[in-house]
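> Following this message is one structure expressed as structure tokens.
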Amino acid sequence: MPTDATSPYVLELRDLTVDYGGVTAVDHVSLRVPRGEVLALLGPSGSGKSTLLHTVAGFRPPTRGEVWLKGRRVATPERAEPPERRDVAVVFQSYALWPHLSALDTVAYPIRRKGSRRRTAREEALDILDRLRIAHLADRRPAELSGGEQQRVGLARALARQASLYLFDEPTAHLDTHVRGVFLDQLVVRREASGAGGLYATHDAEEALGLADRVALLNAGRLVQLGTPQQVYAEPVDVWAARLTGPASVLEAAVLGAGGGRCAVSIAGKVVTVEGSADTSVRDVVPLLVRPGWAHLGGELRGRLQSVRFRGPHSDHVVETAAGNLLIREPGPPRQVAGADVTWTLSRTWPLERPLKSPDSTAQPPLVQL
Ligand code: ADP
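Okay, so the sequence shown: first residue is 298 according to our numbering, each after it adds one.
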């Protein structure tokens, strides 16, 4: 198979399509993962994340397109290298642990395979088990561990492995929050130390945004957007991408002008200038994205508080406005009760470009120069 030894990418997908009979699970996906990068695949159930990982790992051949690993073409529809010839470590939701090995030996095994002495390998394995809070179970075999404990041993073994590329398929789906945090922190530390790349499939936006260098949004097998966590959160390509990447309110409003990182929008007859940029095919009514921290209680706009919920560090207020319902997140306990008339203001927005309807030209407000 051809190689390109100078490639800076641990993984490259070229126009990858994977079908199951009549179902297209991965649809013309092209992307590249540079060395040292973790790319999150974020999509709802059935969007093709597992199929994509299986194809990279070598468990399924492409229907069309190519898979390249470290500048080496490893799979085409005609010819695919088997998984053991690819330098990838795979961490799926279920962990096939060896029944005869203790937790410590399970985690020490990949460390020994890369040439460490027995004692060093056991010390390093114990350290990883300790970080995942299961050092006290080091001598137990899988049959003596609960499902959750087995899962942690599987994760510890994955952390101990060295590979050029790690593939994770929702590995923390059943972990409690604390252990999940420790695992993700460890993953980042080890990746930075080794320069390996990672492909991390999840349906959880918070997890994807928190751990990845870049995020790929998948919808029905298609790559909808690829960007940094900040980009996909603050500048999603459409309403679907906005809702996938976090809490999103969508107001209907007219963009009257944009420039210098600010834009003027007309909401219920009032013009406000806020942080944000817009493609000035202006004067259309567009869906405007508002994240919970981009709007605040108190200000020039009016609404009615539909519901309020105390969430510990902050409170969520749902405000009915003439432009649509809006989630406003304020620090601390609620300051208003449901049913109250409130005022609010907007500090930032992102027009989700597709116009909802043509505005009535006679009722159009004047263009605003920024
Ligand atoms: P995800 O990991 O995002 O949940 P999958 O890759 O598992 O998505 O599935 C993508 C699509 O392929 C879905 O429509 C699913 O029903 C279909 N699919 C997955 N595995 C198979 C299979 N073995 N046979 C037929 N269809 C499958």
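All residues carry an ideal CB built from backbone N, CA and C; glycine is no exception.
As the structure is a computational prediction, the values presented were derived from the model and not from experiment.
Collect the residues with a C-beta less than 5 Å away from any heavy atom of the ligand ADP and give them in sequence order along the chain.
Checking every Cβ against the heavy atoms of the ligand ADP under 5 Å gives Y317, V320, A322, S342, G343, S344, G345, K346, S347 and T348.
> Determine contact between the region 334 to 346 and the region 422 to 429, defined as no fewer than three beta-carbon pairs at a distance below 8 Å.
Segments in contact, no.
> Classify T542: buried if its beta carbon has 16 or more other beta carbons within 10 angstroms, exposed otherwise.
In the sequence shown, residue 542 corresponds to position 245, counting from 1. Answer is buried; the Cβ neighbour count reaches 16.
> With 16 other CB atoms within 10 Å as the buried threshold, where does V486 fall?
Your numbering for residue 486 matches position 189 in the sequence shown. Burial call: exposed.
> On the criterion of 16 or more Cβ atoms from any shown chain inside 10 Å, does A620 qualify as buried, or is it exposed?
The sequence position of residue 620 within the sequence shown is 323, counting from 1. Buried, since its Cβ has 16 or more Cβ neighbours within 10 Å.
> By the 10 Å Cβ neighbour count, where 16 or more other Cβ atoms means buried, how is A498 classified, buried or exposed?
Translated into positions along the sequence shown, residue 498 becomes position 201. Buried.
> Check whether the region 505 to 521 and the region 457 to 476 touch, using three or more Cβ-Cβ pairs below 8 Å as the test.
Not touching, per the Cβ criterion.
> Does the Cβ of Y306 have 16 or more other Cβ atoms within 10 Å, making it buried, or fewer, making it exposed?
The count along the sequence shown starts at 1 and reaches residue 306 at position 9. Flag for Y306 reads buried.
> Using the Cα positions of V371 and R511, report the straight-line distance between them to the nearest angstrom.
Counting from one through the sequence shown, the residue named residue 371 turns up at place 74. Counting from one through the sequence shown, the residue named residue 511 turns up at place 214. For V371 and R511, the distance between alpha carbons rounds to 24 Å.
> Do you know how far the Cα of W365 is from the Cα of R329?
Reading the sequence shown from its first residue, position 32 is the one you call residue 329. Reading the sequence shown from its first residue, position 68 is the one you call residue 365. Near 9 Å, if we compare the C-alpha coordinates of W365 and R329.
> Assign P648 to one of two classes, buried (16 or more other C-beta atoms within 10 Å of its C-beta) or exposed (fewer than that).
In the sequence shown, residue 648 corresponds to position 351, counting from 1. Buried is the call here.
> For E467, which three-state DSSP category applies?
Here the question's residue 467 lines up with position 170 in the sequence shown. Coil.
> Once you ignore the five residues that flank Q633 on each side, which residues in its own chain have a CB closer than 8 Å to its CB?
Here residue 633 refers to the residue found at position 336 when the sequence shown is read from its first residue. Here the set comprises L594, L602, V605, H614 and V639.
> Is L310 close to the ligand SAH? I mean its beta-carbon at under 7 Å from any heavy atom of the ligand.
By its list of ligands, the structure shown excludes the ligand SAH, since it contains just the ligand ADP.
> For V579 and R519, I'd like the C-alpha separation in whole angstroms.
On the sequence shown, residue 579 is found 282 positions in, with the first residue counted as 1. On the sequence shown, residue 519 is found 222 positions in, with the first residue counted as 1. Confidence is the limiting factor: at V579 the pLDDT is only 48, short of 50, which leaves the residue's position unreliable and the question unanswerable from this model.
> Whole-angstrom Cβ separation of L496 and V353, contact assumed at under 8 Å?
Within the sequence shown, numbered from 1, the residue matching residue 496 stands at position 199. Within the sequence shown, numbered from 1, the residue matching residue 353 stands at position 56. With 8 Å as the limit, L496 and V353 qualify as a contact, their Cβ atoms being about 7 Å apart.
> Taking all protein chains shown into account, do 16 or more other C-beta atoms lie within 10 angstroms of the C-beta of Y530, making it buried, or fewer, making it exposed?
For the purposes of this step, residue 530 is taken as residue 233 along the sequence shown, with counting starting at 1. Buried.
> Assuming contact is defined by CB atoms lying nearer than 8 Å, are G368 and T300 in contact in what I supplied?
For the purposes of this step, residue 368 is taken as residue 71 along the sequence shown, with counting starting at 1. For the purposes of this step, residue 300 is taken as residue 3 along the sequence shown, with counting starting at 1. Their beta carbons are under 8 Å apart, which means G368 touches T300 by this criterion.
> Quick one: what does DSSP say A337 is sitting in, helix, strand or coil?
The residue labelled residue 337 in the question sits at position 40 within the sequence shown. Strand.
> By Cβ distance below 7 Å, which residues in the same chain neighbour D436 in space, the five residues on each side in sequence not counted?
The residue you call residue 436 lines up with position 139 of the sequence shown. Around D436: S399 and L401.
> Is it right to say P439 is buried, meaning 16 or more other beta carbons lie within 10 angstroms of its own, or is it exposed?
Translated into positions along the sequence shown, residue 439 becomes position 142. Buried: at least 16 other Cβ atoms inside 10 Å.
> What residues in its chain sit with their C-beta under 7 Å from that of I625, if we drop five residues either side in the sequence?
By one-based count along the sequence shown, residue 625 stands at place 328. Cβ within range, chain order: P589, A592, H593, L594, H614, V616 and W641.
> Going by other Cβ atoms of all chains shown within 10 Å of its Cβ, with 16 needed for buried, is G412 buried or exposed?
Along the sequence shown, read from residue 1 onward, the residue named residue 412 stands at position 115. Exposed.
> Tell me where the alpha helix (DSSP H) around R642 begins and ends.
Here the question's residue 642 lines up with position 345 in the sequence shown. Note on identity: in this sequence residue 642 is Thr, with Arg being the wrong assignment. Note, T642: premise wrong, no alpha helix (DSSP H); beta strand (DSSP E) at D638 to L643.
> Suppose you measure from the CA of A539 to the CA of L553; what does that come to, to the nearest Å?
In the sequence shown, counting from the first residue as 1, residue 539 sits at position 242. In the sequence shown, counting from the first residue as 1, residue 553 sits at position 256. Between A539 and L553, the C-alpha separation is close to 22 Å.
> So for Q459, helix, strand or coil by DSSP?
Walking along the sequence shown from the start, residue 459 turns up at place 162. Q459 falls in the coil class under three-state DSSP.
> Taking all protein chains shown into account, do 16 or more other C-beta atoms lie within 10 angstroms of the C-beta of F607, making it buried, or fewer, making it exposed?
As a working note, residue 607 is residue 310 in the sequence shown. Label assigned to F607: exposed.
> Just to confirm before moving on: does the CB-CB distance between V404 and R454 stay below 8 Å?
Looking up residue 404 in the sequence shown gives position 107. Looking up residue 454 in the sequence shown gives position 157. Taking 8 Å as the Cβ cut-off, V404 and R454 qualify as a contacting pair.
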